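Presented below is the structure to which this report refers.
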Amino acid sequence: MEIFEFKNYHKFLRYLILEAYAQRGLQAKLSKAIGCQAAYLSQVLKEKADLSEDQAYKLSVFFNFSKIETEYFLNLIRYARASTHELKSYLKYKGEKIAEEAGNLASRVNSMVIDDENEQYKDYFISWIPSAIHIATSCPKLQTIPNLANHFALSEKKVRSTLIYLEKLGLVEKHDQNYIFSGKSIHLPFESWLNTPHQMAKRIQVLDIIAKEEPNNIHYSSTFTIDEKDFLPLKEKILKLIQSTQDDIKESGTEVVCGLNIDLFET
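Start counting the sequence shown at 107; every next residue gets the next number (the numbering used here).
Here is the structure:
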């Protein structure tokens, strides 16, 4: 969603209705959904009228905005309707903070954000093994200790102790000799001190994967220069890609275990 690139909700609506979702009869459907006349919506698009907060919320439901997109959109509405400089300044600042939060991956990935002060989660993130085994147990052929040990080239002792740990966290459930994914996943907040060891552990795993030279895998690295103004739009595109992969993954099955690491940084 490109909403965070807009500071004017009228311009965003014109983009949304006339470009992103351009289709015959859309304005009529939207007018009905938010409870206003089509003529009034046309005035809004021309910046000659404003939506109410109730109408804005109904619009966010119509277009299936995420919670943070809805929050940002409602803030744009309040900013447009504010009558004092002081309130506009406050709402501008608030909008900037919401947009900043939207850049935080945790708000885009649908999983439980954990408290990194809880010591029980530390071991999950300082090695690649717990998270890999956790996700692998969603695959029917990788729900036993021998199969997991063989797949990840680990000792059965290591796999067993990891599964016991994951079971205590409620991330896997034991059924006879099988350990099955419980359906729960966890995600670190951006500011967590565990992010650095977690990301390093994932990259260490990748080094081993690269050495195997599997033809189906993708390993891409690039160093490039761009204008400063283009860095944030590029970051936004990558965040959208990550969000879209999450949607695709949810709709897919559990036949193979995959990994995805993405880095964008200034050197």
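Glycine is no exception: its CB is placed at the ideal position from the N, C-alpha and C atoms. Everything numeric in this text was worked out from a predicted model, so none of it was measured.
Can you give me the Cβ contacts of residue i inside the same chain, cut-off strictly under 8 Å, excluding the 5 residues immediately before and after it?
i: I232; result: L300, P303, H304 and A307
i: T329; result: T373
i: F112; result: F118, Y121 and L182
Rounded to the nearest angstrom, what separates residue i and residue j at their Cα positions?
i: Y230; j: L277; result: 11 Å
i: T373; j: L182; result: 35 Å
i: I374; j: F287; result: Absent from the structure is residue 374, since the part of the chain shown begins at 107 and ends at 373.
i: H325; j: K356; result: 23 Å
i: E125; j: G289; result: 38 Å
i: P339; j: L313; result: 30 Å
i: L122; j: D354; result: 23 Å
i: D369; j: A134; result: 43 Å
i: T351; j: V363; result: 14 Å
i: V265; j: K247; result: 15 Å
i: A188; j: E334; result: 32 Å
i: S327; j: N367; result: 11 Å
In its own chain, which residues sit with a C-beta less than 6 Å from the C-beta of residue i, not counting the 5 before and 5 after it?
i: H116; result: E153
i: Q249; result: T243, N284, Y285 and I286
i: E225; result: none
i: L294; result: L300 and N301
What do you reckon, are the CB atoms on residue i and residue j nearer than 7 Å?
i: Q161; j: A155; result: no
i: I235; j: T268; result: yes
i: E262; j: I251; result: yes
My guess is that residue i and residue j are in contact by the Cβ rule of under 8 Å, so how many angstroms apart are they, rounded?
i: S166; j: E175; result: 7 Å
i: I292; j: Y227; result: 7 Å
i: L136; j: L147; result: 7 Å
With respect to 6 Å, is the separation between the Cβ of residue i and the closest non-hydrogen atom of the ligand GTP below this value?
i: D354; result: This structure lacks the ligand GTP; in fact it carries no ligand of any kind.
Tell me which residues share the same chain as residue i and place their Cβ nearer than 7 Å to its Cβ, disregarding the 5 neighbours each side in the sequence.
i: K280; result: E273
i: E177; result: I204
Worksheet item: Do three or more CB pairs link the segment 198 to 209 to the segment 133 to 141 at distances below 8 Å?
Response: no
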